[in-house]
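Heads up: the protein sequence lines correspond to chains A and B, in order.
Residues 159 to 703, numbered by the numbering used here, are exactly what the first sequence covers, in order.
Residues 14 to 331, numbered by the numbering used here, are exactly what the second sequence covers, in order.
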Amino acid sequence: MTEPLLKVRGLKIGATAYPPGEKPVAIKIVHGVDFDLEAGKVLGLIGESGAGKSTIGLAAMAYGRGGVEITGGEVWVNGRNILKENLRNLRRLRGAEVTYVSQSAAASFNPAKKIMEQVTEAAIFQNKFTKSEAEARAIELFAKLGLPDPETIGNRYPHQVSGGQLQRCMTALALCPEPDLVVFDEPTTALDVTTQIDVLAAIKEAIVATGVAALYITHDLAVVAQVSDHIMVLQQGDMVEYGTVDQIINHPQEDYTKALVSVRSIDHQEKTPTDTPVLRVENVTARYQGTNFDVLKNINVDIHPGQTLAVVGESGSGKSTLARVITGLLPPSDGQITFDGRVLNPELATRPIEDLREMQMIYQMADTAMNPRQTVGTIIGRPLEFYFGLKGKAKQKRIQELLDEIELGDGFQDRYPAELSGGQKQRVCIARALAAKPKLIICDEVTSALDPLVADGILKLLLNLQKIEDVAYLFITHDLATVRAIADSIAVMYQGKVVRYGPKSQVLAPPFDDYTDLLLSSVPEMKIGWLEETIESRRMESAGN
Amino acid sequence: MHPILKLIAQRLALGLLLLLAASVLIFAGTSILPGDVAQSILGQSATPEALANLRRELGLNDPAVTRYFSWLGGVLQGDLGTALTNGRDIAESLGGRLKNTLFLAFWAAAISVPLAIFLGLLAVRYKDRWPDKLISAVTLTTISIPEFMIGYVLIYWVAIKWRMFPSVAIINDSMTLGAKLNAIAIPVMVLTLVVLAHMMRMTRAAILNVMQSAYIETAELKGLGMLKIIRKHAFPNAIAPIVNVVMLNLAYLVVGVVVVEVVFAYPGMGQYLVDHVSKRDVPVVQACGLIFAAVYIGLNLIADIVSILANPRLRHPK
Numbered sequence: 159m160t161e162p163l164l165k166v167r168g169l170k171i172g173a174t175a176y177p178p179g180e181k182p183v184a185i186k187i188v189h190g191v192d193f194d195l196e197a198g199k200v201l202g203l204i205g206e207s208g209a210g211k212s213t214i215g216l217a218a219m220a221y222g223r224g225g226v227e228i229t230g231g232e233v234w235v236n237g238r239n240i241l242k243e244n245l246r247n248l249r250r251l252r253g254a255e256v257t258y259v260s261q262s263a264a265a266s267f268n269p270a271k272k273i274m275e276q277v278t279e280a281a282i283f284q285n286k287f288t289k290s291e292a293e294a295r296a297i298e299l300f301a302k303l304g305l306p307d308p309e310t311i312g313n314r315y316p317h318q319v320s321g322g323q324l325q326r327c328m329t330a331l332a333l334c335p336e337p338d339l340v341v342f343d344e345p346t347t348a349l350d351v352t353t354q355i356d357v358l359a360a361i362k363e364a365i366v367a368t369g370v371a372a373l374y375i376t377h378d379l380a381v382v383a384q385v386s387d388h389i390m391v392l393q394q395g396d397m398v399e400y401g402t403v404d405q406i407i408n409h410p411q412e413d414y415t416k417a418l419v420s421v422r423s424i425d426h427q428e429k430t431p432t433d434t435p436v437l438r439v440e441n442v443t444a445r446y447q448g449t450n451f452d453v454l455k456n457i458n459v460d461i462h463p464g465q466t467l468a469v470v471g472e473s474g475s476g477k478s479t480l481a482r483v484i485t486g487l488l489p490p491s492d493g494q495i496t497f498d499g500r501v502l503n504p505e506l507a508t509r510p511i512e513d514l515r516e517m518q519m520i521y522q523m524a525d526t527a528m529n530p531r532q533t534v535g536t537i538i539g540r541p542l543e544f545y546f547g548l549k550g551k552a553k554q555k556r557i558q559e560l561l562d563e564i565e566l567g568d569g570f571q572d573r574y575p576a577e578l579s580g581g582q583k584q585r586v587c588i589a590r591a592l593a594a595k596p597k598l599i600i601c602d603e604v605t606s607a608l609d610p611l612v613a614d615g616i617l618k619l620l621l622n623l624q625k626i627e628d629v630a631y632l633f634i635t636h637d638l639a640t641v642r643a644i645a646d647s648i649a650v651m652y653q654g655k656v657v658r659y660g661p662k663s664q665v666l667a668p669p670f671d672d673y674t675d676l677l678l679s680s681v682p683e684m685k686i687g688w689l690e691e692t693i694e695s696r697r698m699e700s701a702g703n
Numbered sequence: 014m015h016p017i018l019k020l021i022a023q024r025l026a027l028g029l030l031l032l033l034a035a036s037v038l039i040f041a042g043t044s045i046l047p048g049d050v051a052q053s054i055l056g057q058s059a060t061p062e063a064l065a066n067l068r069r070e071l072g073l074n075d076p077a078v079t080r081y082f083s084w085l086g087g088v089l090q091g092d093l094g095t096a097l098t099n100g101r102d103i104a105e106s107l108g109g110r111l112k113n114t115l116f117l118a119f120w121a122a123a124i125s126v127p128l129a130i131f132l133g134l135l136a137v138r139y140k141d142r143w144p145d146k147l148i149s150a151v152t153l154t155t156i157s158i159p160e161f162m163i164g165y166v167l168i169y170w171v172a173i174k175w176r177m178f179p180s181v182a183i184i185n186d187s188m189t190l191g192a193k194l195n196a197i198a199i200p201v202m203v204l205t206l207v208v209l210a211h212m213m214r215m216t217r218a219a220i221l222n223v224m225q226s227a228y229i230e231t232a233e234l235k236g237l238g239m240l241k242i243i244r245k246h247a248f249p250n251a252i253a254p255i256v257n258v259v260m261l262n263l264a265y266l267v268v269g270v271v272v273v274e275v276v277f278a279y280p281g282m283g284q285y286l287v288d289h290v291s292k293r294d295v296p297v298v299q300a301c302g303l304i305f306a307a308v309y310i311g312l313n314l315i316a317d318i319v320s321i322l323a324n325p326r327l328r329h330p331k
């Protein structure tokens, strides 16, 4: 057997934490991982945040981000242990033999330099190619990755191309020096779902065409199933399971893997609409001050008591703006909003306190939505004081009830947000919204920043609370799996318009309009070969037309 | 119109407006100063008739608004009025002084700005190691010592003990450039030491801030060396804050060097201003104030424009 391209043995990675006022603490991030990667193959690393996937990926370049340090083990690349190499030799490896594609191309490109200069920089610096050779290769890669105007796109600055295009440029950057191995670190996670499928297909084609080996890091099992040969499942720095894609997807052995495979399998029966909606949005049109186009165009939707309307769309479709209009943060230029039978004042400042109480919000970033200097008890207690004037024992009792409702037991009252996990923070935000006893809660991408399993827990909690409290949700999301899990009715938004609206069963059943069809068919499925099938069927359709 | 031209035009208009506001403030400020100009010209023994005549002659009986506009009209035509104390044309005597001040400021800047940026880059390269700490310690020490103190210390060592440069910085038009530079060597050293710390710390902070960016990691993972990363990827993105603090220090070099000029008997504007303040020569004080304001606003305007030009999003819109 020939020596594999990448051989990792007993890899241990740690970092040092500096808790304020205490002695530095050594933290272990990865506790001894082994794997091999043959030339030209793709290994998917999958796990939730904190599993150590990115850290392992960067270890293939002997690089530790921030204060991260590789504390033990061996990493062999092309037959030499790179952990034993000095910085000089490492610099010859990085950008030449092993390259890196990051999650956010927008942040990873220098805003002050043209794209071409950055894409060819490593290849020229590492003496792989001359400047003209490197540029010719970059143009070839741009074309291969399906970028528009491959001849001239390199002359643009990063801010002059779209997010999806920039992510492809980043892939070109990584492939330009003809490396043996590329580390893809969540390359499509930050993209809209309809953009993701194209970038994914482009990356896969480029991998096949150049014969490069890859480590593909993601938290989305459905995505990794499309591009990998093997998958390694990681949990908190340990390997849980390793196998071929078929083994992991279709015959998972470990419980954790099984949970990842079956994530988003919440079954939610839709309820029938009532006669009197709790919130009615009529002919709403809105634009931001100082702009000359409407962000929302003639929106009409209803939300029924105790039910969920999911508003789904890509970034820039206007879904968060709709929430701003409903809450009064952005008064509409036309149309009106009726809440519980009465017309709401367009501006937040002129709404009576009762209107404010009955409509609450939960945000995507629970972190920034809470005052870090207040305890959980203070945070949840504030609306109790503000709306109901509760004090002392009565307030304490109610806080405890709310904590029980969000399934956080005793002892959470005195904790600070920094002491909570992501999912727990979001639960506290839910409790704060519930404390006002609202009729409607607007949930703006509340599960987007969470790991799939944690997000599932939040969705289940929200559904459960809906049953108990009979509260309606306006659920804003870009994630169709979430929509399926929670919605009673759905509004699909595209470029400021509602393109499709109705009960879930109707919206998600054919015949589809073009946009909804594109949106639905772009959601990765946990099925080997899904990517090729989808791309192929799209090609056939466009050829047929 | 290119959006960047529009932005720059806006800044220029704003600068002019500010200058106008400054002229109002200067005029109002000097008008409410206690004391009577006619009295100070004629002295304590003047007769009431003589005082009244002079007041009429100088237009002091006109309302303040009228006087302001006639002053402003003169200024716009390059006429700064005549000095009360010696009856000479202010524009003429000020011209030579301003030239000297700018000469000193130019050489101090020519040395201190590149040096500060270089030291800042070096401090980043060796962050938290001894070169960084040494640079910070030395520059912070020199900024903490009063400038006249540094001046006297340098005079003691450089001029008296080592006899390298003269201790008095008197220059005139008949001197060669070399002779002038020789004369101002010690004041330039003092000014450099005074402004170095501020600019160097800002350069260090601005670049360290940029070094946190993801694109610096990209550059590291391309295998580039640290100095190349700082020069090619960090510095271009740190220009705006650095230019701002550089311009503030340049303004200081022009406007705030009174003490240094006095210590070295340098014939610059600061000394000229101080002389005439003590003599209650209001037109001179007004003229100097206006020029200082113009320098300050002008340099900050340049900083603004450079910041705009340094932003690729504004330079190359979508």
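Ideal Cβ positions, reconstructed from N, Cα and C, are used throughout, including at glycine.
Mind listing the chain B neighbours of residue i? Cutoff is C-beta to C-beta under 8 Å, in chain order.
i	result
residue 267 (chain A)	228 and 231
residue 260 (chain A)	227, 230 and 231
Looking only at DSSP bridge pairs, what is residue i linked to?
i	result
residue 393 (chain A)	A:396
residue 230 (chain A)	A:170
residue 202 (chain A)	A:374 and A:389
residue 298 (chain A)	Answer is none; residue 298 (chain A) lacks a bridge partner.
residue 189 (chain A)	A:170
residue 71 (chain B)	Looking at the DSSP assignment, residue 71 (chain B) forms no beta bridge with any residue, so it has no partner.
residue 518 (chain A)	A:599
residue 252 (chain A)	A:256
residue 156 (chain A)	In the structure as shown, chain A starts at 159 and stops at 703, and residue 156 (chain A) therefore has no counterpart that could be examined.
Given residue i, which residues of its chain have a CB within under 8 Å of its CB, disregarding the five upstream and five downstream residues?
i	result
residue 585 (chain A)	564, 565, 566, 616 and 619
residue 628 (chain A)	463 and 464
residue 404 (chain A)	686
residue 284 (chain A)	250, 253, 254 and 335
residue 442 (chain A)	454, 456, 457, 458, 480, 483, 490, 492, 493, 494 and 495
Identify, in the order they occur along the chain, each residue of the same chain with its Cβ nearer than 7 Å to the Cβ of residue i, setting aside the five sequence neighbours on each side.
i	result
residue 605 (chain A)	613, 616, 617 and 640
residue 675 (chain A)	none
residue 692 (chain A)	355 and 679
residue 398 (chain A)	391, 392, 412, 414 and 415
residue 302 (chain B)	39
If I'm right that residue i touches residue j with Cβ under 8 Å, what's the distance once you round it to whole angstroms?
i	j	result
residue 608 (chain A)	residue 580 (chain A)	6 Å
residue 333 (chain A)	residue 299 (chain A)	6 Å
residue 255 (chain A)	residue 235 (chain A)	6 Å
residue 117 (chain B)	residue 201 (chain B)	7 Å
residue 346 (chain A)	residue 357 (chain A)	5 Å
Which bits of chain B does residue i rub up against, with CB to CB less than 9 Å?
i	result
residue 284 (chain A)	235 and 236
Suppose the cutoff is 6 Å on Cβ atoms and the five residues either side in sequence are ignored; what does the same chain contact list for residue i look like?
i	result
residue 649 (chain A)	459, 469, 656 and 659
residue 297 (chain B)	96, 103 and 289
residue 429 (chain A)	465 and 646
residue 81 (chain B)	40
residue 208 (chain B)	125 and 262
residue 198 (chain A)	369 and 371
Check the Cβ of residue i against every Cβ in chain A and list those closer than 9 Å, keeping chain order.
i	result
residue 15 (chain B)	Within 9 Å Cβ-Cβ: nothing; residue 15 (chain B) doesn't reach chain A, min ~15 Å.
Show which residues of chain A have a CB atom less than 7 Å away from the CB atom of residue i.
i	result
residue 249 (chain B)	270
residue 329 (chain B)	315 and 318
residue 142 (chain B)	Result: empty, since nearest Cβ-Cβ is about 15 Å, beyond 7 Å.
State yes or no: is the C-beta of residue i nearer than 7 Å to some heavy atom of the ligand SAH?
i	result
residue 307 (chain A)	Within the structure as shown, the ligand SAH is missing, as the structure has no ligands at all.
Using a Cβ cut-off of 7 Å, pull out every chain B residue sitting near residue i, in sequence order please.
i	result
residue 280 (chain A)	235 and 236
residue 219 (chain A)	234
(request) Ignoring anything shorter than 3 residues or poking outside the region 640-667 of chain A, list the beta strand (DSSP E) runs there in chain order. (result) Runs of the beta strand (DSSP E) spanning 3 or more residues and lying entirely within the region 640-667 of chain A occur at 647-652 and 655-661, in chain order.
(request) Counting only runs of 4+ residues fully inside the region 60-132 of chain B, write out the alpha helix (DSSP H) ranges in chain order. (result) The qualifying runs are 61-71 and 77-89.
(request) Go through the region 397-435 of chain A residue by residue and report every complete run of the alpha helix (DSSP H) that reaches 4 residues or more, in order. (result) Here the runs fully enclosed are 403-408 and 413-419.
(request) Mind listing, in chain order, the continuous beta strand (DSSP E) runs of no fewer than 3 residues lying wholly within the region 539-570 of chain A? (result) With a minimum length of 3 residues, no continuous beta strand (DSSP E) run stays inside the region 539-570 of chain A.
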